[in-house]
Amino acid sequence: CSHFVLLDTTSVLGELGWKTYPINGWDAITEMDEHNRPIHTFQVCNVMEPNQNNWLRSNWISRQAAQKIYVELRFTLRDCNSIPWVSGTCKETFNLFYHETDEAHSVKFKPQQYTKIDTIAADESFTQMDLGDRILKLNTEVREVGPMTRKGFYLAFQDIGACIALVSVRIYYKKCPFTLRNLASFPDTVPRVDSSSLVEVRGACIDHAEERDTPKLFCGADGDWLVPLGRCVCSIAYEEIDGSCTACHPGFYKAYAGNIRCSKCPPHSFSYGEGAAICHCETGFFRAESDPPTMACTRPPSPPRNLMFNLNDTCLMLEWSHPSDTGGRRDLTYNVQCKRCGPEPDQCQFCEEELRFLPRPLGLTDATVTIMDFSAHANYTFEIESLNGVSDISSFPRQVAIITVSTDQGGPSLVGSLKKDWASPNSIALSWQQPEQTTMLILDYEIKYYEKEHEQLSYSSTRTKAPSVIISGLKPATWYVFCVRTRSPAGYSSYTPKYEYKTTGDSSDIASDQGQVLVIVTAAVGGFTLLVILTLFLLITGRCQWYFKAKMTSEEKRTNYQNGHGPFPGIKTYVDPDTYEDPTQAIHEFTKEIDPSRIRIERVIGAGEFGEVCSGRLRTPGKKEIAVAIKTLKGGYVERQRRDFLREASIMGQFDHPNIIRLEGVVTKRPLGVPGPHFENHWLCCVCVFAGRPVMIVVEYVENGSLDSFLRQHDGHFTVIQLVGMLRGIASGMKYLSDMGYVHRDLAARNILVNSNLVCKVSDFGLSRVLEDDPEAAYTTTGGKIPIRWTAPEAISYRKFSSASDAWSYGIVMWEVMSYGERPYWEMSNQDVILSIEEGYRLPAPMGCPVALHQLMLHCWQKERSHRPKFTDVVTFLDKLIRNPSSLLPLVEDIQSLPESPGEEMDYPMFISIGDWLDSIKMTQYKSNFMAAGYNTLDSVARMNIEDVRRIGVELIGHQRRITSSVQTLRLQLLHEQEKGFHV
Ligand code: ACK
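According to our numbering, the sequence shown is numbered sequentially starting from 53.
What follows is the structure, given as structure tokens:
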């Protein structure tokens, strides 16, 4: 409950101890009820005697955290007419006072210290007859007092001759009570005294939860929490169950913080205890460092199978089959190890270095490798190991497939060491020693060489019969690697170790560099010329198009529009003045030039973006003088400002509708010899005088000015029907604009004017200018200024302005109107507004707002813009409300439940099917739960309560809440439609 009671006389068990002055005035009576609890009543009834001044004063009451207190009085009051002979002396009211102090004082009661709260009258007074019939006409009155600043206060009741029985006094203040929302706790919060502003409260994540987006709630004046934003999520090893974070059960784990459940341990892993962030691998199974915790534990693969070789003069090819067990992974590779063994098995040496492996010896992904440069007459043993991502972690002995290959019997000997004789930029001369014990004929030597930097990529070889060679065709100043082997009739010997030598530098380098530079420059010059030609070409063709565009008349433009994309063929459409190359042409076409001498300026009424706004009179020969508002352009303007200023006139001049501000004309030139406008108070409108050439826009005068300030000045003054009438007017103006294909982009109460008959007129047609001059417009991430609170999400995020985005703004205007000019989303930051809209939050109904109107607002604020109502629908809908005012009676705060039988299938404007509805609240995953439980119509859903939602298997408390709250909206809609039988 949001009420915190400071005093309730019905629950005080002992004496109340309140003081009365004088003693014979108020009378304290304490009776016992049937439960033997005292009922404290204070009575006074000195109706016969004149000049009564009887005071009853409470004890000192501590204020606690209250800033504003509420005093609820329950009392009966006797009707003076029912008592004979008391006409001069009997009163029917009493006065309520209070006095703030920091402590209870013992000094005498001084009425003059007390401040009056209100005069209290009875809604119902009782008569002698009621007494006879034993009817108790009890009144309840509540008064607000605040802001309170001292530690406590006294209340006092002054009787001036009435017949009153004060049955109970309850004093309380409102608090947004401690609450848990989205896994965050929010402390008791006292609302601001100023009822229009909210207190922003940051929530603290509950145990085992952490912040995702800062959780926030706003405490409203009535002690209600509004606008939940952000959330906490359960930390790792914890999951959300019934609004708290509970440790994962054994056998389950949760590796990431988030709105997800604990998962069963993946294969070959386990968790014994509660609250596992990760499951441990069974013995013999492992997780590689890069394996996610969600992955099964795996083990090293079994060895390769069916290992074979294929040998020819120069190549040895090994091939095998994949292992029978990959260990549960896909990252299988193979390593090849070579051992060269002598006659005894223990005389083995590693030999990868001597051989060339294609593609490489380690990390092979295919089950084959080619080996070259092996020696004749050698025994090679190859071990092939299969590996995967966990082989390095496993301590199990590795299993390999082994094969021994004998390359031949006996063979040529090795050559001795290799040395460089000389080097030039392109050649190197090498020589080596002949093999010492040459038992065999040496046919020739093969010299293999490659660029050191490109090792193993490619190599060249050459042969020579002599033990020396000159290798030419090399790059200057480059390191090369060389090795040599002998060839005998038995095959090749193994290679010498690798020798590295460098060619010398080259003086021709510079020349060739210059050559390159020249080429680049030529290319750049060529490119530039091409660019120039291209640009010229584009300019010329662009210019031509521009020229043709300018030549098009507005009629052609309209025809184009109608033939192509115009919204309603045959209806006049709006022409954007920006499509005219010469803006004066648009002015000329859409506005009337007014001779300044016909205008009389009377006073300044406001400040516009370009200059002052004045009111005055306009004379038209043969017509009645009319009141006009004159927007002026400040002196010293530049041409661009003049053009932008007049742009609004050339837009307005195209419209003719009672709910659109009417353009009377413009003043753009002053013919020679004609005097300037006649100024009654010319010092007020000095701008007009100083501008050598006054520029003005003259529009009809609208007596009550802007709608937002008008409503704020007349808070609570209008009937709902009057407000709906105003909204109807705005909708009708907007329908006209949208039919003409004009998108307003800045529809807001501040841009609506109200005349003396409460007719609303849409004004402020700036289009692009809107983005510059509206003080509400803020820069968005996409660049550009946008009045965030009034603008549809798609227009904010990607500037998709349309009549549908105007419809969103219209919903906001409705809210502004129904709340008498309250600021949409109060003082929430623009960023929070965007976030909360994204999260599905929508403005709640203003106080006293009929359900039907809030429903229409919600309809305008649908995320999917094609689902929003068209202005023509809005006008029809509001007309129906106006014709049938009882439809406006159900207020949002009154609606609690739905009647039992909803009758036949309903037609929902917002959601067509259960699927659409669930999609819209991002709960699509439960569609089958609804269907399986037999909830296949929206009206069956509308009757669900939270228990039903749980029963069909929605387990997460957040989801239960989201669904139930949307069900409530559906229910309201259903009720509304049922009662009224109409649809938007
Ligand atoms: O809220 P307001 O009184 O109404 O203050 C602003 C001010 O000029 C600057 O725009 C008022 N205003 C603008 N156009 C008109 C008009 N046609 N009739 C009456 N007041 C107007 C507006």
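Note that CB positions come from ideal geometry on N, CA and C, so glycine has one too. Remember, it's a predicted structure, so these values are computed and weren't measured experimentally.
Beta-bridge partners of G668 (DSSP): I653 and V680.
With a cut-off of 7 Å, the C-beta of E752 is classified as near ligand 1, since at least one heavy atom of the ligand falls inside that distance. In the three-state reduction of the DSSP assignment, N105 falls in the coil class, being assigned neither a helical nor a strand state.
With a 10 Å radius around the Cβ and a threshold of 16 neighbouring Cβ atoms, E176 comes out exposed.
In this structure, P921 lies away from L895, with their beta-carbon atoms at least 8 Å apart. DSSP places R764 within a helical segment (H, G or I) once states are collapsed to three. Per DSSP, I934 is one residue of the alpha helix (DSSP H) stretching across F923 to R935.
Comparing C-alpha distances from D971 to each of I1015, K227, Q399 and Q401 shows the shortest one belongs to I1015. Excluding sequence positions up to five before and after K203, its CB lies within less than 8 Å of the CB of S114, R115, T153, D154 and E155, all in the same chain and listed in chain order.
Classified as buried, P746 has 16 or more neighbouring CB atoms from the shown chains inside 10 Å of its CB.
Taken in chain order, the whole beta strand (DSSP E) runs of length 3 or more contained in the region 405 to 452 are 408 to 410, 420 to 424 and 431 to 439.
Counting along the chain, H640 sits inside the alpha helix (DSSP H) bounded by residues P635 to F642. Using a C-beta cut-off of 8 Å, the region 135 to 145 makes no contact with the region 221 to 238, since fewer than three inter-stretch Cβ pairs fall below that distance. Straight-line spacing of the CA atoms in L482 and E505 works out to 20 Å. In this structure, the straight-line span from the alpha carbon of R515 to that of L359 is close to 35 Å. DSSP places Q774 within a helical segment (H, G or I) once states are collapsed to three.
Of the residues assessed, R222 falls on the buried side of the cut-off, its CB having 16 or more other CB atoms within 10 angstroms.
Contact check between the region 419 to 426 and the region 314 to 322: fewer than three CB pairs, one atom from each, fall below 8 Å, which does not count as touching. Pairing L759 with I804 gives a Cβ-Cβ distance under 8 Å. When DSSP reads this structure, D170 sits in a beta bridge with L148. Taking C-beta atoms under 8 Å as the contact rule, A214 and F161 fail to qualify, at a distance of about 20 Å. Rounded to whole angstroms, G282 and C271 show a C-alpha spacing of 15 Å. Of the heavy atoms belonging to ligand 1, none sits nearer than 7 Å to the Cβ of V718. Here the distance from the Cβ of G660 to the nearest heavy atom of ligand 1 is below 7 Å. Among the bridge pairs identified by DSSP, V533 is matched with Y502 and E552. Collapsing the DSSP output to three states places S881 in coil. In this structure the region 680 to 697 touches the region 650 to 666; the number of beta carbon pairs closer than 8 Å is three or more. In this structure, the alpha-carbon of G336 lies about 46 Å from that of S545. As the crow flies, the alpha-carbon of N981 is around 7 Å from that of G1005. With a beta-carbon spacing of about 6 Å, G77 and V96 fall inside the 8 Å limit used to define contacts.
One Cα belongs to E291, the other to V285, and the distance between them is close to 8 Å. Within the DSSP bridge table, the entry for M983 names no partner. Residue G557 holds the alpha-carbon nearest to the alpha-carbon of S476 among Y502, R408, V467 and G557. Close CB contacts of K517 within its chain, under the 7 Å cut and outside five residues either way in sequence, are with D496 (chain order). The Cβ atoms of F127 and L218 sit closer than 8 Å to each other.
For C331, the closest C-alpha among the options A340, S342, T346 and Y872 is that of T346.
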